[in-house]
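With the numbering used here applied, the sequence shown has no gaps in its numbers, which climb one by one up to 222 at the end.
Think of the CB as a built atom: it goes at the ideal place given N, C-alpha and C, for glycine as much as any other residue.
Data block below; observations after.
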Amino acid sequence: MRTIVLEGDNIILGRSKFLSFNAPDDWRIFPLGVIDVEAYKVVEGTNWVVSGYITLGAVVKGSEILIRIKVSNPIRKPDLNNFLKKGGERSGIIEICGHKGAYVLKSIRKGLLRNRELIELTMCFYCDKTHRKIEIIIEAEKEEDVLKAMDIMLTASCH
């Protein structure tokens, strides 16, 4: 296992952290596209992203996994019951870094002609220490890959 620290740079705001998590050594994880940091907050000497997103690609044993992390600074703590009402094949309550969260798992169709079927899992939680809502969206062709990525993201540290 190794610790992956997700950070983003902004030419004006400098470097800020999204979160960190533990990943198996055989997982190749890399950023895709632009890392967007719109705002940050200093908590105990660390700059934490309070508005922004990062997209990651992960490859393990020939499988490709897409992981998107969106961070926002809501006016009030999100209602997990409303989040769970989004529906899906499965949903439930989780815990990340001591915070109560929720997840929804569903099948989606993507592509120009919507001919590619994927499994999407969205996790949502609120960090009351940094006052951030964090959404983690995981997509892959196989459900077992999505669930493996979920297990990895459950090790996330948000403060």
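To the nearest angstrom, how far is it from the Cα of residue i to the Cα of residue j?
i, j, result
"asparagine 136", "arginine 177", "33 Å"
"arginine 179", "glutamate 204", "9 Å"
"leucine 217", "lysine 163", "11 Å"
"valine 134", "aspartate 214", "20 Å"
"aspartate 88", "glycine 115", "27 Å"
"histidine 194", "cysteine 221", "10 Å"
"serine 83", "arginine 65", "10 Å"
"glycine 151", "isoleucine 200", "14 Å"
"lysine 192", "valine 167", "24 Å"
"asparagine 85", "methionine 186", "17 Å"
"glycine 161", "leucine 175", "40 Å"
"glutamate 198", "tryptophan 90", "21 Å"
"isoleucine 156", "phenylalanine 146", "11 Å"
"asparagine 73", "leucine 210", "32 Å"
"lysine 196", "isoleucine 138", "10 Å"
Do the CB positions of residue i and residue j come within less than 7 Å of each other?
i, j, result
"leucine 143", "alanine 165", "yes"
"glycine 77", "leucine 95", "no"
"lysine 140", "tyrosine 189", "yes"
"glutamate 202", "leucine 181", "yes"
"isoleucine 67", "isoleucine 92", "yes"
"aspartate 208", "serine 154", "no"
"tryptophan 111", "lysine 148", "no"
"glycine 71", "valine 106", "no"
"alanine 235", "isoleucine 159", "The structure shown does not extend to residue 235, since the chain is modelled only from 64 through 222, so no value can be given for it."
How would you call residue i, buried or exposed, if buried means at least 16 neighbouring beta carbons within 10 angstroms?
i, result
"threonine 109", "exposed"
"leucine 69", "buried"
"lysine 124", "exposed"
"isoleucine 117", "buried"
"valine 113", "buried"
"isoleucine 75", "exposed"
- Query: Are the segment 127-134 and the segment 166-180 in contact at 8 Å, needing three or more beta carbon pairs?
  - Reply: no
- Fully enclosed by the segment 137-200, which alpha helix (DSSP H) runs are 4 residues long or longer? 143-147
- At what residue ranges does the segment 86-112 contain a whole run of the beta strand (DSSP E), taking only runs of 3 or more? 91-106
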